[in-house]
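A short write-up of the structure that comes next.
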Amino acid sequence: MAPIPASVIKVGHIDDVQELKKKKTSQIPERFIRDTTERPTLDKPISYPCNINIPVIDFSKLVEGNRDDFCKEIMKLRTCCEEWGFFQVMNHGIDLDLLERIEKVAMEFFMMPLEEKQKYPMIPGTVQGYGQAFVFSEDQKLDWCNIETVDIYSREIRKLCKNLLKYIAITLSLNDDVFEEMFGVAVQAVRMNYYPACPRPDLVLGLSPHSDGSALTVLQQGKGSSVGLQILKDNTWIPVQPIPNALVVNIGDTIEVLTNGRYKSVEHRAVTHKEKDRLSIVTFYAPSYEIELGPIQELVDDKNPCKYRRYNHGEYSKHYVTNKLQGKKTLEFAKIKN
Ligand SMILES: O=C(O)CCC(=O)C(=O)O
Ligand SMILES: [Fe+2]
Numbered sequence: 001m002a003p004i005p006a007s008v009i010k011v012g013h014i015d016d017v018q019e020l021k022k023k024k025t026s027q028i029p030e031r032f033i034r035d036t037t038e039r040p041t042l043d044k045p046i047s048y049p050c051n052i053n054i055p056v057i058d059f060s061k062l063v064e065g066n067r068d069d070f071c072k073e074i075m076k077l078r079t080c081c082e083e084w085g086f087f088q089v090m091n092h093g094i095d096l097d098l099l100e101r102i103e104k105v106a107m108e109f110f111m112m113p114l115e116e117k118q119k120y121p122m123i124p125g126t127v128q129g130y131g132q133a134f135v136f137s138e139d140q141k142l143d144w145c146n147i148e149t150v151d152i153y154s155r156e157i158r159k160l161c162k163n164l165l166k167y168i169a170i171t172l173s174l175n176d177d178v179f180e181e182m183f184g185v186a187v188q189a190v191r192m193n194y195y196p197a198c199p200r201p202d203l204v205l206g207l208s209p210h211s212d213g214s215a216l217t218v219l220q221q222g223k224g225s226s227v228g229l230q231i232l233k234d235n236t237w238i239p240v241q242p243i244p245n246a247l248v249v250n251i252g253d254t255i256e257v258l259t260n261g262r263y264k265s266v267e268h269r270a271v272t273h274k275e276k277d278r279l280s281i282v283t284f285y286a287p288s289y290e291i292e293l294g295p296i297q298e299l300v301d302d303k304n305p306c307k308y309r310r311y312n313h314g315e316y317s318k319h320y321v322t323n324k325l326q327g328k329k330t331l332e333f334a335k336i337k338n
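Numbering (UniProt numbering), first residue to last: 1 to 338.
Below, the structure written as structure tokens:
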């Protein structure tokens, strides 16, 4: 995607959060401190029942289960997509060794001296490279996080996404290849987020609330990482408790549009922890940039009038990466206003 010209963006001075942590100061620079309304309320008990967890899909039942298991798991997947937009996938078939290796690669990168990491700077208007993405002005609050994009690890996740989309199509009573046919050569980006421990997790956010612009996102939470991912459900932030070896999957804006809002992308954010750091490896799976998208015909009728206009996916992606993360605001781009 063409980056937007660097000259028009003034992002001001951005401290590196890992370097800040090394200084062992409890002073948080002003640019990281959120307005009171945005701060995570970490010490207050969660009003939602504590045992609430995002649902889990057993992928092996979809791939190789008997008819009964398959049908039950498909129904569960439909509920996951309709009511949650987020679920964990166990028995996904990806070599657990590979998951471990990618974590190691990521940590080795983040532990390199700053000068080394800065050899891969983030290109303005993209989310690739080392640094803070989604920063567009000097007064914008910063996320307590560093981001790096790499090319490896994506083949297996690509397979998983293709299969998941096939099963999601089945939950919608559509042809199972509908998404694959539509997407062309799907675009995939792997992003690694490292959130160092923060002396004041109550004042900062690891990653601002947002929905993903992708069709699907697959997220691997680092072993031993703090519980940091939270999703917004019924106006409450619910933590996603990591399940060993499972991957977290969520519906992105693209599926929301294609399903005419039946499956919605869900707002999520990351919070930091006082003592523990956190790693997440996130793969975004989306249609090819030249593809024109809009709600699928079969999902539009008198009861479900068309809610989104048709647009070029490349334009949407550009719009997404050139705006700051702000809940689901980016999707306004596609909404038909009444
Ligand atoms: O680190 C996390 O758990 C959240 C990451 C995320 O939402 C993203 O990179 O889009
Ligand atoms: Fe995300």
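From the three backbone atoms N, C-alpha and C, an ideal C-beta is built for every residue, glycine too. Keep in mind that this is a model prediction, so the values were computed, not measured.
Opposing strand residues paired with residue 312 [DSSP bridges]: 292
Any non-hydrogen atom of ligand 1 closer than 7 Å to residue 200 Cβ: no
Inter-stretch contact (C-beta, 8 Å, three-pair minimum) for the segment 260–268 and the segment 296–314: yes
Among 68, 236, 61, 18, nearest to residue 115 - alpha-carbon criterion: 18
Limits of the unbroken alpha helix (DSSP H) element including residue 69: 67–79
Residues passing the C-beta test against ligand 1 heavy atoms, cut-off 5 Å: 193, 229, 270, 280, 282
Continuous alpha helix (DSSP H) stretch holding residue 178: start and end: 178–183
Cβ-based burial, residue 73 [other Cβ within 10 Å; buried from 16]: buried
Beta-carbon spacing of residue 31, residue 203 below 8 Å: no
Residue 239 versus residue 208: straight-line alpha-carbon distance, rounded: 15 Å
Residue closest to residue 284, alpha-carbon to alpha-carbon, out of 98, 26, 91, 249: 249
For residue 192, the first and last residue of its enclosing beta strand (DSSP E): 187–195
Cut-off 7 Å between Cβ atoms - residues of its own chain near residue 320, not counting five sequence neighbours on either side: 213, 330
Cβ contact check for the segment 270–277 and the segment 210–228: 3 or more pairs under 8 Å: yes
Own chain, CB closer than 8 Å to residue 45, minus 5 neighbours either side, in chain order: With a pLDDT of only 48 at residue 45, under 50, the local geometry of the prediction cannot be trusted, and the value read off the model is given with reservation. Excluding residues within five positions, none has a Cβ falling inside 8 Å.
Residue 100 versus residue 332 - alpha carbon distance: 38 Å
Beta-carbon separation (whole angstroms), residue 222 vs residue 280, contact threshold 8 Å: 7 Å
Secondary structure of residue 107, DSSP reduced to three states: helix
Where the beta strand (DSSP E) containing residue 59 begins and where it ends: Premise fails: residue 59 lies in the alpha helix (DSSP H), 59–64, not in any beta strand (DSSP E).
Contact test: residue 15 Cβ vs ligand 2 heavy atom, cutoff 7 Å: no
Same chain, Cβ closer than 7 Å to residue 58, five either side skipped, listed in chain order: 73, 90, 91
Contact set for residue 7: own chain, Cβ-Cβ below 6 Å, skip 5 residues either direction: Interpretation of residue 7 is limited by its pLDDT of 44, a score under 50 that renders its predicted location unreliable; no figure is taken from the coordinates.
Buried/exposed call for residue 255, threshold 16 Cβ in 10 Å: buried
Test item: CB-CB of residue 216 and residue 170 under 8 Å: no
Counterpart residues of residue 102 in DSSP-defined beta bridges: Answer is none; residue 102 lacks a bridge partner.
Residue 300 - DSSP class collapsed to helix/strand/coil: coil
Selection from 35, 86, 242 that minimises the alpha carbon distance to residue 232: 86
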